[in-house]
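Q: Here it is, the structure in full.
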Amino acid sequence: MATARLWEFAGVRGAITAHAWHREDPRYIAILTHGYGEHLGRYEHVAETLVRHGAVVCGPDHLGHGRSAGEPVLIEDFADVVADLHTVVESARSDHPDLPVVLIGHSMGGMIATRYAQLHGRDLTALVLSGPVLGRWDALSALLGLDEIPDIPIDPDTLSRDPAIGKAYTEDPLVWHGPFKRALLLATDACMRQIGEHGSLGDLPTLWIHGEDDQLVPLDGTRTGIEQIRGTDLTERIFFGARHEVFNETNRDEILSEVTAFLDRALPAR
609 MATARLWEFA GVRGAITAHA WHREDPRYIA ILTHGYGEHL GRYEHVAETL VRHGAVVCGP
669 DHLGHGRSAG EPVLIEDFAD VVADLHTVVE SARSDHPDLP VVLIGHSMGG MIATRYAQLH
729 GRDLTALVLS GPVLGRWDAL SALLGLDEIP DIPIDPDTLS RDPAIGKAYT EDPLVWHGPF
789 KRALLLATDA CMRQIGEHGS LGDLPTLWIH GEDDQLVPLD GTRTGIEQIR GTDLTERIFF
849 GARHEVFNET NRDEILSEVT AFLDRALPAR
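This is the structure we're talking about:
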């Protein structure tokens with residue numbers, strides 16, 4: 609089992625905790641970006657799969673998330689989060705200057721990864737987006753239309769068909785179980801608009817995976833965003849019956865195999 613090493617650096621708005629999983633003789637770098645309200649520690653099994661596949665893996669707990677500094681889930685400008693992510697990428701590249709870099713983002717992390725790819729795509733070999741917040745997110749519009757954000761936590765049953773995932777999520781002290789904050793919602797809306805205005809990812813190999821029964825970030829809304837960023841090398845995989853956290857779904861092994869098979873096609877021959 610790969611063991612994560614934690615390290616800390618000065619982010620744009622405070623100290624950021626990053627995770628790193630190492631292996632001998634890696635053939636690529638995989639950067640993970642987690643979703644809203646969670647932390648990268650929930651991706652241990654994803655990191656282990658990627659390490660077995662040949663990667664060194666790293667990624668941050670975003671500002672206001674997990675072990676990183678900041679008021680919980682308060683992000684006022686996602687440019688700050690993208691800049692923190694760039695620090696992690698550059699650190700990994702300095703340790704392994706000859707290795708290709710792939711970026712894997714889930715949900716809000718998929719939005720962050722997409723914006724990063726638009727700004728720094730020349731430094732990436734591949735991009736994987738899991739249930740990304742892109743295009744149209746009706747829940748966002750509905751919440752911003754309210755005078756007061758209701759204190760309604762995310763329903764853990766919407767995460768996965770595996771009840772153990774919802775139970776672990778509910779009991780995780782590093783997960784935020786409170787309401788959305790208006791500043792984060794406004795920043796999310798602004799970032800989604802920036803992504804749409806920037807447009808195509810060009811020839812960057814991109815894999816989009818999504819649960820067909822995703823009730824948190826519905827498929828149809830994300831599809832409008834995928835069409836905005838679609839480049840010349842997009843692969844789409846929609847998993848019937850799967851909910852929001854496809855990496856935690858009952859068929860997670862199948863889904864992670866799709867990811868590693870895609871990476872094998874995108875990575876240069878060793």
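Those letters in the sequence shown? Residues 609 to 878, by this note's numbering. Even glycine gets a Cβ: it sits at the ideal position worked out from N, Cα and C. As the structure is a prediction and not an experimental result, all values here were calculated from the model.
Just the Cα atoms here: how many angstroms apart are Q744 and G829?
A: Note on identity: in this sequence residue 744 is Arg, with Gln being the wrong assignment. About 4 Å.
Q: If you count every other CB in all the chains shown that lies within 10 Å of the CB of F788, and 16 or more means buried, which is it?
A: buried
Q: Taking 8 Å as the cut-off, decide whether the C-beta atoms of G643 and S715 are in contact.
A: yes
Q: Where do the N-terminal and C-terminal ends of the beta strand (DSSP E) with V665 fall, by residue?
A: A663 to P668
Q: Between D731 and the ligand PLP, is the CB less than 7 Å from at least one heavy atom?
A: Among the components of this structure there are no ligands whatsoever, and the ligand PLP is therefore not found.
Q: Is it the case that the Cβ atoms of A628 and W615 are separated by a distance below 8 Å?
A: yes
Q: Assuming V620 and D669 are in contact, meaning their beta carbons sit under 8 Å apart, how far apart are those beta carbons, in whole angstroms?
A: Not a contact, Cβ separation roughly 14 Å.
Q: Going by CA-CA distance only, name the one from D746, P826 and H806 that's closest to H728.
A: H806
Q: What does the Cβ neighbour count give for S768, buried or exposed, with the cut at 16 atoms within 10 Å?
A: buried
Q: Residue ranges of each beta strand (DSSP E) run of no fewer than 3 residues wholly in the region 718 to 749, ordered along the chain?
A: Counting only runs of 3 or more residues that sit fully inside the region 718 to 749, the beta strand (DSSP E) segments are 734 to 738, in chain order.
Q: Among T657, A798 and P826, which residue has its Cα nearest to the Cα of E853?
A: P826
Q: Quick check on the DSSP output: the alpha helix (DSSP H) that includes A776 runs from which residue to which?
A: P771 to E779
Q: Grouping DSSP H, G and I as helix and E and B as strand, with all else coil, what is F847?
A: strand
Q: Mind checking I760: buried by the 16 CB within 10 Å criterion, or exposed?
A: exposed
Q: Excluding the 5 residues flanking Q823 on each side, which residues of the same chain have their C-beta closer than 6 Å to its C-beta?
A: T766
Q: Use the C-beta contact count for A721: other C-beta atoms within 10 angstroms, 16 or more gives buried, fewer gives exposed.
A: buried
Q: Identify, in the order they occur along the chain, each residue of the same chain with its Cβ nearer than 6 Å to the Cβ of A795, setting aside the five sequence neighbours on each side.
A: I683, E684, D685 and F686
Q: From this set, P634, I637 and F847, which residue's C-alpha is nearest D861's C-alpha?
A: It is F847.
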